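Mapped onto our numbering, the consecutive letters of the sequence shown carry residue numbers 2 to 231.
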Amino acid sequence: MVYDKNKWLGVLIMLGVFVSGCGDSTSPGPGGSGTPTDTNIDFNLFPDNYFADYAASANLTGSDNLGNTYTGNAAEKTLPETTFLGESAIPIEVKISFNASNGGFAAITQNQYFNTNASDRRFLGIDGDIVTVSASTAAIPATARIGDSGTAGTYTDNTGSTSTLKWSLEDGFNGNAKLIFLTSTTAPSGALDNTFTTTYLIQPDGTRLSVEIKTFNATVGMEVTLSGNY
Numbered sequence: 002m003v004y005d006k007n008k009w010l011g012v013l014i015m016l017g018v019f020v021s022g023c024g025d026s027t028s029p030g031p032g033g034s035g036t037p038t039d040t041n042i043d044f045n046l047f048p049d050n051y052f053a054d055y056a057a058s059a060n061l062t063g064s065d066n067l068g069n070t071y072t073g074n075a076a077e078k079t080l081p082e083t084t085f086l087g088e089s090a091i092p093i094e095v096k097i098s099f100n101a102s103n104g105g106f107a108a109i110t111q112n113q114y115f116n117t118n119a120s121d122r123r124f125l126g127i128d129g130d131i132v133t134v135s136a137s138t139a140a141i142p143a144t145a146r147i148g149d150s151g152t153a154g155t156y157t158d159n160t161g162s163t164s165t166l167k168w169s170l171e172d173g174f175n176g177n178a179k180l181i182f183l184t185s186t187t188a189p190s191g192a193l194d195n196t197f198t199t200t201y202l203i204q205p206d207g208t209r210l211s212v213e214i215k216t217f218n219a220t221v222g223m224e225v226t227l228s229g230n231y
């Protein structure tokens with residue numbers, strides 16, 4: 002949900018894209034059309050076993066606003082309980098790898114931490130090349146209805162940058178919903194550094210059917226969109 006901004010900048014550079022400029026990706030998001038979903042349905046925001054023994058992966062395809070295309074994979078799995086920022090935490094390991102049509106390859110591994118209180122679930126932060134050093138968090142509800150939204154927290158990392166994580170639930174059509182996590186990161190100067198949006202197409206029980214990952218890095222003026230089915 003929250004991703005390492007410096008790692009993503011490195012990924013973009015590794016892919017060999019040094020041209021500035023921005024634009025809209027044409028990759029479709031999950032759950033784009035069909036019969037509207039009943040807005041009175043309660044959706045679980047996480048799969049039943051997400052904080053116990055979850056493991057899932059999706060093959061990805063996508064493109065950027067500069068004309069490159071991509072193939073790759075995204076995987077998540079639950080790791081054993083540990084501590085993070087001084088409290089008990091459940092880490093979710095996230096791995097993303099992809100190849101670009103220009104010959105580039107990149108891979109990212111990051112742990113994302115949640116607290117252990119199921120009735121007051123909070124996202125605590127991340128570690129990797131960038132580490133969360135302080136956070137102001139709010140509970141992410143276990144269930145929500147289409148139209149609901151909230152802010153999960155504000156996070157400061159060891160570079161002095163600040164990220165805000167928001168979530169929302171939108172119509173995914175045909176009985177499904179789109180669970181959207183949007184992370185916006187500002188540099189110590191206060192200027193926008195990057196945004197990272199993860200959209201899951203989910204069923205009412207929280208089962209994830211597909212994922213779309215979209216990142217925009219203001220430093221290189223580049224937007225990449227990757228999507229795939231579980």
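Built from N, CA and C at the ideal position, the CB exists for glycine as well. Keep in mind it's a predicted model, so treat the numbers as computed, not measured.
Annotation note: the segment 132 to 176 contains the following uninterrupted beta strand (DSSP E) runs of length 3 or greater, listed N- to C-terminal: 133 to 138, 150 to 158, 163 to 174. Taking a C-beta distance under 8 Å as the contact criterion, Asn45 and Gly207 qualify as a contact pair. Across the set Glu82, Ala59, Leu193, Glu224, the C-alpha of Glu224 shows the shortest separation from the C-alpha of Asn69. A contact is defined here as three or more CB-CB pairs under 8 Å, and the segment 85 to 93 fails this definition with respect to the segment 60 to 75. Excluding residues up to 5 positions away in sequence, Ile91 lie with their Cβ nearer than 6 Å to the Cβ of Phe52 in the same chain. Between Leu180 and Ile203, the C-beta spacing is below 8 Å. Under DSSP, Asp65 shares a beta bridge with Val225. Inter-residue distance for Ala107 and Gly176 is about 35 Å (C-alpha atoms, whole angstroms). For Asp121, the three-state secondary structure derived from DSSP is helix. With 16 or more other Cβ atoms inside 10 Å of its own Cβ, Gly126 counts as buried. In the DSSP assignment, Pro92 falls within the beta strand (DSSP E) that extends over 88 to 101.
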